[in-house]
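Student: Sharing a structure here in structure tokens format.
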Amino acid sequence: GQHASTTSPSASWQTRAAAAVPRPSEPCLASPFPLLSASPLSSAAAAAMSAKYSLLSLPLGAFDSSTRGDAVSALSAAISPDNGTVTPFSIPDFKIGTLDALVQQADDLAKLEATCQAVVAKVGDSLRQVLDNDEERIASYKMVNDKPTDQYLRSFSWNKIRYRADKSLGELVDTLRKELVTVDNDVKTKLNQHNSVKTNLAALQRRQTGNLATKSLTPVVDPRLLVQDSEYIETHLIAVPTNAKREFLKTYETLSPMVVPRSAIELDHDDEFTLFAAATFKKHSADFIHKCREQKWTPRQYTYVEGGREEEQRELDRVTNEERKVRGEALRMGRTGWSESVMVWIHVLTLRVFVEAVLRYGLPLEYVTALVKTTPKLAPKVKAALDSRYSYLGGNAFGRDKRGRVTKDDAAMSSEMAAAGLGTGEGHEYTAYVYYELEFP
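For the sequence shown, my numbering begins at 7 and goes up steadily by one.
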């Protein structure tokens, strides 16, 4: 098994993302994002994240009944309600082209569905990054058309406004592929922007809050204590580990030639370092700094700038506000991106099931398609129950041993699959019926 909105067609998905921006009368995003954190983790949202789903399609003739409703009930009985719940899954009757075209579309859809899964996973990761792994809040963003993901899937209805069923399968595949690329690019761009601003802010905050070996010295150093505008003498600032303070005072004058005697002044100290100023003649500055580094003392670059302290604070305030704004945009893009990418994925999977059903079962289009919701632990039991009941649909590919257990004939299976135009690609275990598994990241 492969792991696996109704919106006006004129409205692009970015427009819908913009529509999520709060109005001026709505709460602002300052504290931090009350508007966006308001929705609690619903049981349905949690359920989707811990569930495993199977989408399967069988010919109506495989059931005793002639109605799809009764056939779904029969599927439910075969699986057992203890192992999973079965709901009907509606698929329109799409326009069918030639057999060659269907075989090509089956291949295209397999690749596109793998891409869908990758994009959905990336959108999930971007939400996780922006929300710092807060599972409860992450789940509250994983809505599809304003429904929890699980509810969207279990009540799925093909979006006929956006993807008209009277279009060819090729056109529908192209439309879905283009939409997926757009979602992927837009979410990626906004996430990169947020990461860039966040990195910039972290660097500025470190300069404010780090130790004396790393932080900005603008608020620390009194420029009046430094030798300035001298043609020959230069002041150096050295962050010395506090436990090496005595050693520094005892030896700094002899570290290099032409150190100004008794020029060391203690400017500040913290839990780890003491910051000293010491003066040398300029022609020996490089030697003095090199010798300090050899002693594991940290020379600090510092240039006095008029109003520098205020400018640093203004820059910190500006980037803090920018990060808050971009974070809000990244969250809105993530929410819309999740909705759109999951929706594209399920539409692609729907087409995939349809195409494979036509290739396997032929015409007329009398198939029963159903969604099974189970758990990763119970999924093998669901599969075993379905194989036991419907393996005969695989023809010679399946048989039974003396104890009545289902067995597979690999050679027959390969020829059956080749005849059906179905690949045996990696990760696609052959089943006697159309069967795909999916889990949401």
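Even glycine gets a Cβ: it sits at the ideal position worked out from N, Cα and C.
Please classify Ala245: does DSSP put it in a helix, a strand, or coil?
Tutor: DSSP places Ala245 in strand when its eight states are reduced to three.
Student: State the DSSP-derived secondary structure class of Leu444, mapped to helix, strand or coil.
Tutor: Leu444 falls in the strand class under three-state DSSP.
Student: Please name the residue or residues paired with Ile271 in a DSSP beta bridge.
Tutor: DSSP lists Ala283 as partners of Ile271.
Student: Expressed to the nearest angstrom, what Euclidean distance is found between the alpha-carbon atoms of Ala57 and Leu337?
Tutor: In a straight line, the C-alpha of Ala57 is about 24 angstroms away from that of Leu337.
Student: Across which residues does DSSP place Ser459 in a beta bridge pair?
Tutor: Residue 459 lies beyond the residue range present for the chain, which begins at 7 and ends at 447; the question has no answer from this structure.
Student: What does DSSP give as the partner residues of Ser174 in its beta bridges?
Tutor: The partner list for Ser174 (beta bridge, DSSP) reads Lys101.
Student: Could you spell out the range, first to last residue, of the beta strand (DSSP E) harbouring Val388?
Tutor: Not the beta strand (DSSP E): Val388 falls in the alpha helix (DSSP H), residues Ala385 to Tyr396.
Student: Is the stretch 182 to 195 close to the stretch 346 to 365, with three or more CB pairs under 8 angstroms?
Tutor: Result yes; three or more Cβ-Cβ pairs closer than 8 angstroms.
Student: Using only the alpha-carbon positions, how far apart do Leu448 and Arg170 sit?
Tutor: Given a span of 7 to 447 for the chain in the structure shown, any question on residue 448 remains unanswerable.
Student: Go ahead and pull the three-state DSSP assignment for Met264.
Tutor: Looking at Met264 - three-state DSSP - the assignment turns out to be coil, as it is neither helix nor strand.
Student: What residues in its chain sit with their C-beta under 6 angstroms from that of Trp303, if we drop five residues either side in the sequence?
Tutor: Cβ within range, chain order: Ile244 and Val246.
Student: Can you name, in chain order, every residue of its own chain whose Cβ lies under 6 angstroms from the Cβ of Ala385, other than the five neighbours on each side?
Tutor: Taken in chain order, the residues that qualify are Lys58.
Student: Hey, could you find the ends of the beta strand (DSSP E) Arg306 is sitting in?
Tutor: Its beta strand (DSSP E) spans residues Thr304 to Arg306.
Student: Is Leu444 buried or exposed, if buried means 16 or more other CB atoms sit within 10 Å of its CB?
Tutor: With 16 or more other Cβ atoms within 10 Å, it is buried.
Student: Tell me, which residues are paired with Ser149 by DSSP?
Tutor: Looking at the sequence shown, residue 149 is not Ser but Met. Answer is Pro154, bridged to Met149.
Student: Terminal residues of the continuous alpha helix (DSSP H) containing Val78?
Tutor: Run containing Val78: Arg74 to Ile85, per the alpha helix (DSSP H) assignment.
Student: Per DSSP, what kind of secondary structure is Pro94 in: helix, strand or coil?
Tutor: Of the three classes helix, strand and coil, the one that applies to Pro94 here is strand, per DSSP.
Student: Can you tell me whether DSSP reads Lys58 as helix, strand or coil?
Tutor: Strand.
Student: DSSP puts Glu240 in a beta bridge; with which residues?
Tutor: Its beta-bridge partners are Thr286.
Student: Could you compute how far the alpha carbon of Ala417 sits from the alpha carbon of Pro98?
Tutor: Legend: pLDDT at Ala417 = 49, less than 50; position of this residue unreliable, value from coordinates given subsequently. Cα to Cα, the separation comes out at about 35 angstroms.
Student: Kindly indicate which residue of Asp235, Leu175 and Thr326 has the alpha-carbon position closest to the one of Gly103.
Tutor: With distances taken between Cα atoms, Gly103 lies closest to Leu175.
Student: In three-state DSSP terms, what is Thr21?
Tutor: Confidence at Thr21 is low in this model, with a pLDDT of 48, below 50, so its placement is unreliable and the value that follows should be read with caution. Helix at Thr21.
Student: If you draw a straight line from the C-alpha of Arg333 to the C-alpha of Leu61, how long is it?
Tutor: In a straight line, the C-alpha of Arg333 is about 36 angstroms away from that of Leu61.
Student: In the DSSP output, what is Thr380 paired with across the bridge?
Tutor: According to DSSP, which records beta bridges pairwise, Thr380 is partnered with Lys58.
Student: Are the beta-carbon atoms belonging to Ala438 and Ser397 less than 8 angstroms from one another?
Tutor: Closer than 8 angstroms, so yes.
Student: Is it a yes or a no for the stretch 271 to 290 touching the stretch 213 to 224, going by three-plus beta-carbon pairs under 8 angstroms?
Tutor: They touch, by the three-pair rule.
Student: By how many angstroms is the C-alpha of Tyr442 removed from the C-alpha of Val452?
Tutor: The chain is shown only over 7 to 447; residue 452 falls outside these bounds and no answer can be derived.
Student: Smallest Cα separation from Ser86: which of Leu392, Phe446, Leu399 and Pro447?
Tutor: It is Leu392.
Student: My output table needs one value for Ile167: the three-state DSSP class, helix, strand or coil.
Tutor: Residue state, collapsed to three classes: coil.
Student: Would you kindly work out how many angstroms separate the C-alpha atoms of Leu42 and Leu223, rounded to a whole number?
Tutor: Interpretation of Leu42 is limited by its pLDDT of 35, a score under 50 that renders its predicted location unreliable; the figure taken from the coordinates is listed afterwards. Taking the straight line joining both Cα atoms gives about 38 angstroms.
Student: So, Met454 versus His296, is the Cβ gap smaller than 8 angstroms?
Tutor: Residue 454 lies beyond the stretch modelled for the chain, which goes from 7 to 447, so this question has no answer here.
Student: DSSP three-state label for Asp190, please.
Tutor: Helix.
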